[in-house]
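A.B. asks: Pasting in a structure now, in structure tokens, and then I'll have a few things to ask.
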Amino acid sequence: MDYSFLLYVAIILLSTKVLGLITRRFKMPQVVGALLAGLILGPAVLNILHEDIFITQVSELGVIVLMFTAGMETDIKELKKSGKASFVIALLGVIVPLAGGFLVAHFFNSPEFSEGATASTLLQNIFIGIILTATSVSISVETLKEMGKLNTRAGNAILG
27 MDYSFLLYVA IILLSTKVLG LITRRFKMPQ VVGALLAGLI LGPAVLNILH
77 EDIFITQVSE LGVIVLMFTA GMETDIKELK KSGKASFVIA LLGVIVPLAG
127 GFLVAHFFNS PEFSEGATAS TLLQNIFIGI ILTATSVSIS VETLKEMGKL
177 NTRAGNAILG
């Protein structure tokens, strides 16, 4: 039986904890440390850890538990109070990244930068904008929990 997944778990837990404590010293959320750990240990920098079926399944389980915990701690009355604010925040959270991603992609796909600009370039630019609208709710939840703001009006408005 292969127990290499235990080494993965140990490396992930140790690196996220250490970098989480470091980022907390700089008054940043610990989730930033976890993101940095993944960036450093993953294919982008050191290429020590690779995304395989184990890491994918554990990450999905982690998101499920985090969302379940956030649901348990959510105050429905506060959530109802922040209805209009939640709508505006959600709308801006889609429009701004969509427009920004589209414009940046359009800039880099313009004829001055790319020789092979085709009719599908517009679709590519829209696609890049759409990708940037996919924000991670789990990061918002973890940050709000760490700041003690999950059950506040602002927290409910953000998570809407």
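If you count by the numbering used here, then the sequence shown holds residues 27 to 186, one letter each, in order.
Glycine included, every Cβ here is placed at the ideal spot set by N, Cα and C.
Within this structure, are the beta carbons of S59 and G46 separated by less than 8 Å?
C.D. replies: Walking along the sequence shown from the start, residue 59 turns up at place 33. Walking along the sequence shown from the start, residue 46 turns up at place 20. A quick correction: the sequence has Gly, not Ser, at residue 59. Their beta carbons are under 8 Å apart, which means G59 touches G46 by this criterion.
A.B. asks: Cβ of A131 within 8 Å of Cβ of G155?
C.D. replies: Here residue 131 corresponds to residue number 105 of the sequence shown, with the count starting at 1. Here residue 155 corresponds to residue number 129 of the sequence shown, with the count starting at 1. Yes. Within cutoff.
A.B. asks: Taking the alpha carbon of F94 as the reference point, which residue from L62, V114, V167, K106 has its own alpha carbon closest?
C.D. replies: Here residue 94 refers to the residue found at position 68 when the sequence shown is read from its first residue. Answer by Cα proximity: V167.
A.B. asks: Starting from N182, trace the alpha helix (DSSP H) in both directions and tell me its first and last residue.
C.D. replies: As a working note, residue 182 is residue 156 in the sequence shown. From DSSP, the alpha helix (DSSP H) with N182 extends over 179-185.
A.B. asks: Hey, would you say Y34 sits closer than 8 Å to L92, going by beta carbons?
C.D. replies: Here the question's residue 34 lines up with position 8 in the sequence shown. Here the question's residue 92 lines up with position 66 in the sequence shown. Against a cut-off of 8 Å, the Cβ pair of L92 and Y34 comes out as no contact.
A.B. asks: Just the Cα atoms here: how many angstroms apart are A116 and L176?
C.D. replies: For the purposes of this step, residue 116 is taken as the residue at position 90 of the sequence shown. For the purposes of this step, residue 176 is taken as the residue at position 150 of the sequence shown. Going from the Cα of A116 to the Cα of L176 covers about 17 Å.
A.B. asks: Quick check: the Cα distance between V89 and R50, rounded to an integer number of angstroms?
C.D. replies: For the purposes of this step, residue 89 is identified with residue 63 of the sequence shown, where counting begins at 1. For the purposes of this step, residue 50 is identified with residue 24 of the sequence shown, where counting begins at 1. The straight-line gap separating the alpha-carbon atoms of V89 and R50 is approximately 22 Å.
A.B. asks: Would you mind working out which of I184, T178, A36, L158 sits nearest I81, comparing C-alpha positions?
C.D. replies: Along the sequence shown, read from residue 1 onward, the residue named residue 81 stands at position 55. By alpha-carbon distance to I81, the top candidate from I184, T178, A36, L158 is A36.
A.B. asks: Answer yes or no: the CB of T169 versus the heavy atoms of the ligand ZN, is any distance below 7 Å?
C.D. replies: The ligand ZN is absent from the structure shown, which contains no ligands of any kind.
A.B. asks: Compare the beta carbon distance of L170 and I184 with 8 Å and say whether it is the shorter of the two.
C.D. replies: Looking up residue 170 in the sequence shown gives position 144. Looking up residue 184 in the sequence shown gives position 158. Yes, they are a contact pair.
A.B. asks: What whole-angstrom Cβ distance do L118 and N182 have, given they're in contact under 8 Å?
C.D. replies: Sequence index remark: in the sequence shown, residue 118 carries index 92 (1-based). Sequence index remark: in the sequence shown, residue 182 carries index 156 (1-based). Not quite, the Cβ-Cβ distance comes to about 16 Å (not below 8 Å), so this is no contact.
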